[in-house]
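Enquirer: Chains A and C supply the protein sequences, listed in that same order. For the first sequence, the numbering used here begins at 4 and goes up steadily by one. For the second sequence, the numbering used here begins at 749 and goes up steadily by one.
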Amino acid sequence: MTQAAALSSGDTAWVLTSSALVLLMTVGLAFFYGGLVRPKNALNTMMMSVVALGVIGVQWMLIGYSIAFAPGNSWLGSLAWFGLNNVGVDPNPTYSATIPLQAHAMFQGMFAIITPALISGAIVERMRFRGYVVFLVLWATLIYDPLAHWVWGSGGWLLKRGALDFAGGTVVHISAGVSALVAAWFLGPRKDYRRVPIAPHNVPLVLLGAGLLWFGWFGFNAGSALAANGLAALAFVNTNTAAAAALVTWAGLDLARTGKVTAVGAATGLVVGLVAITPAAGYVTPMSSLFIGILGAGVSYTAIQIRSRTKLDDALDVFSCHGLAGTAGALLTGVFATKLMNPAGGDGLLAGNPGQLGVQLLAVLATVAFAGLGTLGILKLVEVTIGARANVPEESAGLDLSQHGEEAYFGSDLGSFAGTGGSLGGSVVVQSFAAEPAVAPAPSPV
Amino acid sequence: MKLITTIVRPERLPEVKAALFRAGITGITLSRVSGHGGEHERFEQYRGTALVMEFHEKVKIEMVCSEPFVEACVQAILSSARTGEVGDGKIFVQPIERVIRIRTGEADNAALTAINADQVQRAAINAAGIGGAA
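1. Report the CB separation of Gly351 (chain A) from Gly337 (chain A) in whole angstroms; it is logged as a contact under 8 Å.
2. On a CA-only basis, which of A:Thr118, A:Leu360, A:Ala231 and A:Val264 is nearest Tyr147 (chain A)? Give me that one, please.
3. Contact criterion: CB-CB distance below 7 Å. Does Ala202 (chain A) meet it with respect to chain C?
4. Within 7 Å of any Cβ in chain A, is that where the Cβ of Gly853 (chain C) sits?
5. In chain order, what residues of the same chain lie with their CB nearer than 6 Å to the CB of Ala855 (chain C), ignoring the 5 residues before and after it?
6. If you measure from the beta carbon of Ile381 (chain A) to each beta carbon in chain C, is any gap under 7 Å?
7. Nearest chain C C-beta to Ser311 (chain A) closer than 7 Å, yes or no?
8. Would you kindly work out how many angstroms separate the C-alpha atoms of Asp836 (chain C) and Arg851 (chain C), rounded to a whole number?
9. Give the residues of chain A in contact with Gly783 (chain C), contact being defined as C-beta atoms less than 9 Å apart.
10. Output needed for Leu364 (chain A): all residues of its chain with C-beta closer than 7 Å, excluding positions within five of it in sequence on either side, in chain order.
11. Is the segment 198–215 of chain A close to the segment 254–270 of chain A, with three or more CB pairs under 8 Å?
12. Could you compute how far the alpha carbon of Val807 (chain C) sits from the alpha carbon of Pro758 (chain C)?
13. CB-CB under 6 Å to Ser178 (chain A), same chain, minus the five flanking residues each way: which ones, in chain order?
14. Cβ of Val136 (chain A) versus every heavy atom of the ligand HEM: is any distance shorter than 6 Å?
15. Please list the terminal residues of the continuous alpha helix (DSSP H) segment that includes Lys383 (chain A).
16. Which first and last residues belong to the alpha helix (DSSP H) in which Glu805 (chain C) is found?
17. Span of the beta strand (DSSP E) holding Ala170 (chain A)?
18. Evaluate the contact criterion for the segment 173–191 of chain A versus the segment 230–238 of chain A: three or more CB pairs, one atom per stretch, below 8 Å.
19. Can you pull the chain C residues whose beta carbon is under 8 Å from the beta carbon of Asp320 (chain A), in chain order?
20. Within a Cβ cutoff of 7 Å, which residues of the same chain sit near Arg129 (chain A), ignoring the five residues on either side of it in sequence?
21. With a 10 Å radius around its C-beta and 16 neighbouring C-beta atoms as the bar for buried, classify Trp78 (chain A) as buried or exposed.
22. Give the DSSP-derived three-state secondary structure of Ser399 (chain A) in the structure shown.
23. Taking the straight line between their C-alpha atoms, what separation do you get for Asn224 (chain A) and Lys383 (chain A)?
24. How would you call Pro762 (chain C), buried or exposed, if buried means at least 16 neighbouring beta carbons within 10 angstroms?
25. Keeping to the same chain, check which residues put their C-beta closer than 8 Å to that of Val812 (chain C); ignore five residues upstream and five downstream.
26. What are the boundary residues of the alpha helix (DSSP H) that Val338 (chain A) is part of?
27. Among A:Asn95, A:Phe221 and A:Leu56, which has the Cα closest to the Cα of Val140 (chain A)?
28. Could you give the C-beta distance for Gly796 (chain C) and Arg310 (chain A), rounded to a whole number, given that I count them as a contact under 8 Å?
29. Specify whether the segment 292–299 of chain A and the segment 239–252 of chain A touch according to this definition: at least 3 beta carbon pairs, one from each stretch, less than 8 Å apart.
30. Do Ala73 (chain A) and Gly80 (chain A) have their beta-carbon atoms positioned less than 7 Å apart in this structure?
31. For Ile1 (chain A), decide whether its Cβ has a neighbour in chain C, counting only Cβ atoms nearer than 7 Å.
32. Please decide whether Leu799 (chain C) counts as near chain A, where near means a Cβ-Cβ distance under 7 Å.
33. Is the segment 21–34 of chain A touching the segment 110–124 of chain A, taking contact as three or more C-beta pairs under 8 Å?
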């Protein structure tokens with residue numbers, strides 16, 4: 004009775020809305036990644052994100068939420084909440100004093116969906132779809148769910164040590180980024196990598212995806228307050244500030260290096276800013292979020308330039324964008340966090356608590372080790388059972404045809420799709436005051 | 749009869765087409781082609797990847813003219829396709845042995861004259877007058 008009385012309709016509305024916003028991020032990610040690959044792999048790349056909405060949506064409801072959040076030990080939750088058993092519509096004081104526990108389950112479920120989908124960017128254009136789906140389920144169950152328990156679950160060991168991760172810098176971005184690095188290395192480079200020019204096939208899709216990610220990220224970060232309150236507003240402001248600062252920083256670096264500001268760069272920069280602020284969003288001042296955006300962009304930009312010169316085919320730079328910007332954000336949280344902004348949070352280095360930086364570093368290292376080794380093991384298992392890497396003919400034909408039996412741009416000449424035609428279209432502007440039609444009806448043959 | 753093949757800049761295609769129509773050359777075939785000439789290479793940047801675009805987009809126009817039209821055709825292309833910058837293209841003129849119109853079986857010069865050539869030419873000249881463009 005007291006629990007039911009504590010339920011806040013405003014908080015519940017915001018968390019349910021935020022859950023829907025985070026769901027949209029996975030679709031946004033599909034567009035973001037889909038536009039960056041070549042046309043013959045566009046559908047497969049998008050499906051790598053979209054399929055997570057299905058399989059992880061089921062996995063989370065069945066066992067994922069239970070492993071991550073059900074009462075257990077400091078390493079794992081129990082299976083007491085299998086199939087969302089015992090997860091009711093009343094608030095649960097441990098996680099959500101003012102919203103239904105089911106709202107918490109759905110909100111967290113959207114995080115579990117997008118995190119493994121982030122990894123797919125590193126392995127596009129060369130992984131068999133069946134192997135990918137198995138990888139997805141195993142990774143979510145064996146890596147993400149335990150990690151979420153460590154950091155956010157009741158009794159989790161990193162939570163007990165006071166690690167600060169507001170919305171998933173370690174759990175989501177570092178874990179996905181490191182796993183992406185391992186997966187890219189394990190699968191090996193695409194056969195065309197550094198031999199044939201590979202360029203994004205549809206930059207407008209990239210911008211659409213980045214825009215949806217930014218929009219959805221307000222649910223991701225501000226929703227992580229789990230209430231419609233001042234903390235949510237702080238996280239909202241910090242999220243927007245860091246994304247904007249990172250976009251400007253990235254554009255400036257582009258300009259300094261090549262003399263031009265690129266659209267792919269703007270899209271990448273804003274996403275990197277969102278990644279970097281994720282662990283810090285509810286712990287730092289808006290001025291600090293500005294610096295976190297700038298520093299995150301600087302780290303990621305530099306890493307991408309270096310990575311592109313190596314044999315490591317992290318195709319869409321997931322490690323640089325999520326792993327490194329996430330690490331920068333997690334460590335900077337230990338620098339900039341202040342209880343003046345969030346009394347329930349912690350103080351960082353600049354607030355006179357250097358120990359927080361050590362705890363943050365521990366959380367980062369634990370995540371890197373666990374996600375890295377776990378991903379390696381899962382990929383090895385997938386490889387020896389149903390196969391991970393597409394063979395050369397499959398890769399040449401494109402994964403859309405070889406894995407899905409369909410094409411993104413059926414029957415169209417991609418040249419005209421891409422808008423390079425235009426002048427060859429053959430149509431003319433007909434002026435309404437023309438003395439006679441440009442093409443007169445043909446007279447009957449003589 | 750000559751086969752005249754010309755490679756021009758895509759952005760000049762509307763002017764070239766209008767000039768050919770005004771000169772009475774109304775039967776033309778277009779293709780989109782890529783090629784390498786004396787132009788500077790174009791650079792594109794995608795994140796850490798820098799691409800050098802060695803081939804430039806061009807339009808190839810092919811037309812077969814009877815002898816009286818050959819010089820007019822060449823002059824029409826020269827006057828409309830030229831910008832003065834490297835990359836304006838080329839004109840190739842080759843002899844042609846036989847032409848047959850599939851619909852009627854007419855041969856050579858009779859097969860070359862489009863039945864609506866006069867109307868197309870007049871419309872092109874009028875359009876140039878209205879638009880004020882030469």
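Each residue gets a CB set at the ideal place from its N, CA and C atoms; glycine is no exception.
Expert: This is what the structure gives:
1. 5 Å between Cβ atoms; contact.
2. A:Thr118
3. yes
4. No, no contact with chain A.
5. Ile848
6. Ile381 (chain A) does not count as touching chain C.
7. Residue contact check for Ser311 (chain A) against chain C: a CB pair falls below 7 Å.
8. 36 Å
9. Result: empty, since nearest Cβ-Cβ is about 15 Å, beyond 9 Å.
10. The answer, listed in chain order, is Leu334.
11. With the cut-off at 8 Å, the segment 198–215 of chain A and the segment 254–270 of chain A touch.
12. 5 Å
13. Leu150, Thr370 and Ala374
14. Among the components of this structure there are no ligands whatsoever, and the ligand HEM is therefore not found.
15. Taken as a continuous stretch (DSSP letters only), the alpha helix (DSSP H) holding Lys383 (chain A) covers Gly358 to Thr388.
16. Where Glu805 (chain C) is concerned, there is no enclosing alpha helix (DSSP H), although the beta strand (DSSP E) it sits in stretches over His804 to Cys813.
17. Careful: Ala170 (chain A) lies outside any beta strand (DSSP E) and carries neither H nor E.
18. no
19. Arg795 and Gly796
20. Leu190, Arg193, Arg392, Ala393 and Glu398
21. exposed
22. helix
23. 34 Å
24. exposed
25. Take Val812 (chain C), set aside five residues on each side of it, and the residues of its chain with a beta-carbon closer than 8 Å to its own are Met749, Lys750, Leu751, Ile752, Gly775, Ile844, Val847 and Leu860, in chain order.
26. Ala328 to Phe339
27. A:Leu56
28. 6 Å
29. yes
30. yes
31. The structure shown does not extend to residue 1 (chain A), since chain A is modelled only from 4 to 449, so the question has no answer here.
32. For Leu799 (chain C), the answer is yes, since a Cβ of chain A falls inside 7 Å of its Cβ.
33. A contact exists between the segment 21–34 of chain A and the segment 110–124 of chain A.
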